[in-house]
Amino acid sequence: MTSPQLLQGEAPRIERTPPESRARRRLRACEECDWVVALPPLRPGEKADCPRCGHTLVKRHFRPAQRSMALALAALMALGLALAFPFLSFSVGGIGNRIELSQTATTLIGFHQPVVGGAVIMTIVVLPAVYLAGVIWLQLGLLRDDPLPASRTIARSLAHLNPWMMADVFIIGALVSLIKIAGMADIDLGVSFWSFCAFALLLLMTTQSLDSDWMWFSLAGEPRAPEGTRTGETAAPQGLSGCHTCGLIGRLDADGHGRCDRCGEALHARHPHSVQRTWALLAGASIMYIPANVYPIMTTTSLGQSSPSTIVGGVVELIQMGSWPVAAIIFIASVIVPVGKLVALAWLCLVVRRSNELNAATRTRLYRFTEFIGRWSMIDVFVVAILVALIRAGSLMSIEPGPAALAFGAVVVITMVAAMTFDPRLLWDSPLPRSERAPHAPRPTGRHPEGNSG
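Under the working numbering, think of the first position of the sequence shown as 19, with each following residue one higher.
The structure is reproduced here in structure tokens:
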């Protein structure tokens with residue numbers, strides 16, 4: 019196997035020499051179905067999909083370093099403007115309030131909701147800023163043909179940060195908040211609001227523009243796949259696994275574990291105890307979903323009278339106000355999506371050992387959809403954060419967070435972790451005959467590992 023260090027000095031100006039021109043036969047094991055394929059040469063704008071499940075393995079971009087670095091710089095500047103100027107203001111009866119973006123979190127902390135406030139500021143400001151700084155650091159080194167220190171650690175972290183950045187969800191939450199109070203007060207959108215909209219769009223474009231295959235090739239070369247690797251088969255029976263971070267195929271030990279030679283991530287034939295962990299997380303999310311719907315998510319005070327509102331109660335109020343589109347958004351994001359995600363993941367856990375290649379593709383698409391929509395349930399939490407910070411007019415009109423905000427935020431986070439814990443490769447494994455099942459199999463063989471892989 020060629021050492022990554024031997025290729026590191028060869029990192030070229032990538033827009034002219036993509037990985038395909040320097041590596042021989044680049045093999046990948048699909049992270050969703052475990053199928054081993056050889057990547058074809060790709061031109062900018064082209065992508066390579068798994069022929070078995072359709073998962074996108076590699077997507078090539080034109081001038082990837084310059085593209086992602088320019089977008090990341092623009093996004094950071096937009097975030098700076100969003101933090102420096104007023105975000106929203108309202109006035110009613112001669113009394114008003116103006117807030118900055120950071121107050122959507124600090125106000126919650128003042129109401130003894132530090133966990134919810136911390137989650138808000140982390141998902142809309144801190145994690146996106148760290149991600150963008152990491153992209154700039156990486157691409158700056160690659161443009162100089164000399165990777166900067168800790169580049170591999172940063173590159174490995176980017177993939178883990180991606181699901182937890184929710185600036186786009188926050189914008190939808192802000193729009194829902196504006197519609198909810200538009201009939202009760204005069205609203206003024208500050209410079210920060212429009213800057214944050216631009217930031218959310220640029221952040222999304224940055225994540226889409228990042229060519230991780232090119233990036234890892236530039237950082238550490240392309241070590242060859244283990245000798246004897248066969249394409250057109252699953253990786254686990256060959257004692258192999260594909261790295262979910264950099265894509266490289268690595269050799270597993272007798273227990274079905276290993277470590278990637280290029281990025282250092284842990285490798286597993288199947289995620290250890292995947293189904294059991296998913297069940298445990300689903301149970302926790304189901305328990306938290308009860309107080310999330312029983313207790314009020316916020317309490318509105320108007321003319322001295324307080325009115326607590328649950329999630330479903332808020333939807334009913336919106337319908338009575340005639341705001342059907344907003345009511346539909348809240349109902350889908352806060353009721354249908356969490357319940358649907360719980361049901362879908364539970365069903366996948368139940369059928370995983372009865373799955374086969376005929377229905378695995380459909381079940382994999384369900385898993386992808388379930389993983390994608392989970393973060394959008396945070397809309398209701400962001401609506402509470404914005405309204406609590408903005409509506410501060412004493413007994414005339416004010417809004418306070420309720421205990422359901424923490425419970426519902428926990429449901430969103432736990433279900434997201436549950437989807438990450440579930441290993442979709444299990445859906446493609448052949449069921450293990452009952453007569454052959456053993457509690458402690460020595461190594462996974464491509465069928466359902468009953469012992470150490472869940």
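The beta-carbon is built from N, C-alpha and C at its ideal position, and this holds for glycine as well. From a predicted model like this one, the values you see are computed outputs, not experimental measurements.
Can you give me the Cβ contacts of C189 inside the same chain, cut-off strictly under 8 Å, excluding the 5 residues immediately before and after it? The sequence position of residue 189 within the sequence shown is 171, counting from 1. At residue 189 the sequence reads Ile, which differs from the Cys that was named. Taking C-beta separations shorter than 8 Å and ignoring five residues to either side along the sequence, the partners of I189 in its chain run F214, C215 and A218, following chain order.
Where do the N-terminal and C-terminal ends of the alpha helix (DSSP H) with E335 fall, by residue? Translated into the one-based positions of the sequence shown, residue 335 becomes position 317. Residues I329 to Q338.
Contacting residues, own chain, Cβ-Cβ under 6 Å from L150 (five flanking each side not counted): Numbered from 1 along the sequence shown, position 132 holds the residue referred to as residue 150. If the five residues before and after L150 are omitted, its C-beta is found closer than 6 Å to the C-beta atoms of A90, A93 and L94, all from its own chain and listed in chain order.
What are the boundary residues of the alpha helix (DSSP H) that R170 is part of? Here residue 170 refers to the residue found at position 152 of the sequence shown. Its alpha helix (DSSP H) spans residues S169 to L179.
Close beta carbons around A137, own chain, < 8 Å, minus the five adjacent residues each side: Here the question's residue 137 lines up with position 119 in the sequence shown. Within the same chain, and ignoring the five residues on either side of A137 in sequence, the residues whose Cβ sits closer than 8 Å to its Cβ are V399, G427 and V431.
In chain order, what residues of the same chain have a beta carbon less than 6 Å from the beta carbon of S109, not counting five sequence neighbours either side? On the sequence shown, residue 109 is found 91 positions in, with the first residue counted as 1. Around S109: D204.
Could you name each continuous alpha helix (DSSP H) segment of 4 residues or more that falls completely within the segment 244-326, going from the start of the chain to the end? Segments of the alpha helix (DSSP H) lying fully in the segment 244-326: 292-312.
Within the same chain, show all residues whose beta-carbon is closer than 8 Å to that of F129, passing over the 5 residues directly before and after it, in chain order. Residue 129 sits at position 111 when you count from the first residue of the sequence shown. Taken in chain order, the residues that qualify are V406, E418 and P419.
Contacts around R31, its chain only, beta-carbon distance under 6 Å, and the 5 residues preceding and following it disregarded: In the sequence shown, the residue the question calls residue 31 occupies position 13. Unreliable placement is indicated for R31, whose pLDDT of 41 sits below 50; the coordinate value is still reported in the next sentence. Excluding sequence neighbours, R31 sits near nothing in its chain.
Contacting residues, own chain, Cβ-Cβ under 7 Å from L222 (five flanking each side not counted): Looking up residue 222 in the sequence shown gives position 204. Only D186 meet the Cβ criterion.
Please report the Cβ distance between W446 and C367, rounded to the nearest whole angstrom; I am assuming they are in contact, meaning their Cβ atoms lie under 8 Å. Position 428 of the sequence shown, counted from the first residue, corresponds to residue 446. Position 349 of the sequence shown, counted from the first residue, corresponds to residue 367. Wrong, their Cβ atoms sit about 15 Å apart, outside the cutoff.
Using 8 Å as the threshold, is the segment 291-305 in touch with the segment 436-445, meaning 3 or more CB pairs across them? Result yes; three or more Cβ-Cβ pairs closer than 8 Å.
Which partner residues does W53 have in the DSSP bridge list? Looking up residue 53 in the sequence shown gives position 35. Paired residues: T252.
For the candidate residues L266, S304, G63 and P58, whose alpha-carbon lies nearest to that of K77? By 1-based counting over the sequence shown, the position of residue 77 is 59. Ranking L266, S304, G63 and P58 by CA distance to the CA of K77 puts G63 first.
Residue environment, L160, which counts as buried when at least 16 other CB atoms sit within 10 Å: Along the sequence shown, one-based indexing puts residue 160 at 142. Residue environment for L160: buried (at least 16 other C-beta atoms within 10 angstroms of its C-beta).
My output table needs one value for F108: the three-state DSSP class, helix, strand or coil. Sequence index remark: in the sequence shown, residue 108 carries index 90 (1-based). Note: F108 maps to strand in three-state DSSP.
Length of the line joining the Cα atoms of C281 and T171: For the purposes of this step, residue 281 is taken as the residue at position 263 of the sequence shown. For the purposes of this step, residue 171 is taken as the residue at position 153 of the sequence shown. Cα-Cα distance, rounded: 8 Å.
If the criterion is Cβ atoms closer than 8 Å, does the pair R44 and E240 meet it? Residue mapping note: residue 44 aligns to position 26 of the sequence shown, counting from 1. Residue mapping note: residue 240 aligns to position 222 of the sequence shown, counting from 1. Between R44 and E240, the gap from beta carbon to beta carbon is short of 8 Å.
Using CA atoms only, rank isn't needed, just tell me which of I154, S120 and L237 is closest to D164. Position 146 of the sequence shown, counted from the start, is the residue given in the question as residue 164. Out of I154, S120 and L237, the CA that lies nearest to the CA of D164 is found in L237.
Please report the distance separating the alpha-carbon of G114 from that of M306. Position 96 of the sequence shown, counted from the first residue, corresponds to residue 114. Position 288 of the sequence shown, counted from the first residue, corresponds to residue 306. Near 36 Å, if we compare the C-alpha coordinates of M306 and G114.
What are the start and end residues of the beta strand (DSSP E) that includes A486? The requested residue 486 is not part of the displayed model; the chain covers only 19 to 472.
Closest Cα partner of E49 within the set S227, H286 and L193: Indexing the sequence shown from 1 puts residue 49 at position 31. Closest by C-alpha distance to E49, out of S227, H286 and L193, is H286.
Would you mind reading off the limits of the alpha helix (DSSP H) that contains A377? For this step, residue 377 is matched to residue 359 along the sequence shown. According to the sequence provided, residue 377 is Asn. The question's Ala does not apply to it. E375 to I391 is the span of the alpha helix (DSSP H), which, as asked, contains N377.
Status (buried if at least 16 other CB within 10 Å, exposed otherwise) for T380: Locating residue 380 in the sequence shown gives position 362, counting from the first residue. Under this definition T380 is an exposed residue.
If you check the beta carbons only, do A67 and R443 fall under 8 Å apart? Sequence index remark: in the sequence shown, residue 67 carries index 49 (1-based). Sequence index remark: in the sequence shown, residue 443 carries index 425 (1-based). Looking at the sequence provided, one finds Asp at residue 67 rather than Ala. Not in contact: D67 and R443 (Cβ atoms no closer than 8 Å).
Buried or exposed (CB count within 10 angstroms, at least 16 for buried), S259: Locating residue 259 in the sequence shown gives position 241, where the first residue counts as 1. Buried, by the Cβ-count rule.
Which residue wins for smallest C-alpha separation from G8, given the options I404, D273, T382 and K359? Because residue 8 is not part of the residues shown, which for the chain are 19 to 472, the question remains open.
What do you reckon, are the CB atoms on W232 and P59 nearer than 8 Å? Reading the sequence shown from its first residue, position 214 is the one you call residue 232. Reading the sequence shown from its first residue, position 41 is the one you call residue 59. The answer is no: Cβ separation not under 8 Å.
Output the boundary residues of the beta strand (DSSP E) element that contains P419. Your numbering for residue 419 matches position 401 in the sequence shown. Run containing P419: M415 to P419, per the beta strand (DSSP E) assignment.
Length of the line joining the Cα atoms of S395 and V429: What you label residue 395 is simply residue 377 of the sequence shown in a count that begins at 1. What you label residue 429 is simply residue 411 of the sequence shown in a count that begins at 1. Their backbone Cα atoms lie some 9 Å apart in a straight line.
Would you mind giving the Cβ-Cβ distance between I350 and S195, rounded to the nearest angstrom? I have them listed as a contact below 8 Å. Position 332 of the sequence shown, counted from the first residue, corresponds to residue 350. Position 177 of the sequence shown, counted from the first residue, corresponds to residue 195. In this structure I350 does not touch S195 by the C-beta definition: roughly 17 Å separates them, more than the 8 Å allowed.
How about S320 and M434: do their beta carbons lie closer than 8 Å? As a first step, residue 320 must be located in the sequence shown, where it is residue number 302. As a first step, residue 434 must be located in the sequence shown, where it is residue number 416. No, these two residues do not count as a Cβ contact at 8 Å.
Buried or exposed: where does K65 fall if 16 or more other Cβ atoms within 10 Å of its Cβ makes it buried? To locate residue 65, count along the sequence shown from 1; it is residue 47. With fewer than 16 other Cβ atoms within 10 Å, it is exposed.
Measure the CB-CB distance between C278 and L266 and report whether it falls below 8 Å. For this step, residue 278 is matched to residue 260 along the sequence shown. For this step, residue 266 is matched to residue 248 along the sequence shown. In this structure, L266 lies closer than 8 Å to C278 by Cβ.
Compute the Euclidean distance between the alpha carbons of S169 and L336, then round it to the nearest angstrom. Residue mapping note: residue 169 aligns to position 151 of the sequence shown, counting from 1. Residue mapping note: residue 336 aligns to position 318 of the sequence shown, counting from 1. Here the alpha carbons of L336 and S169 stand approximately 49 Å from one another.
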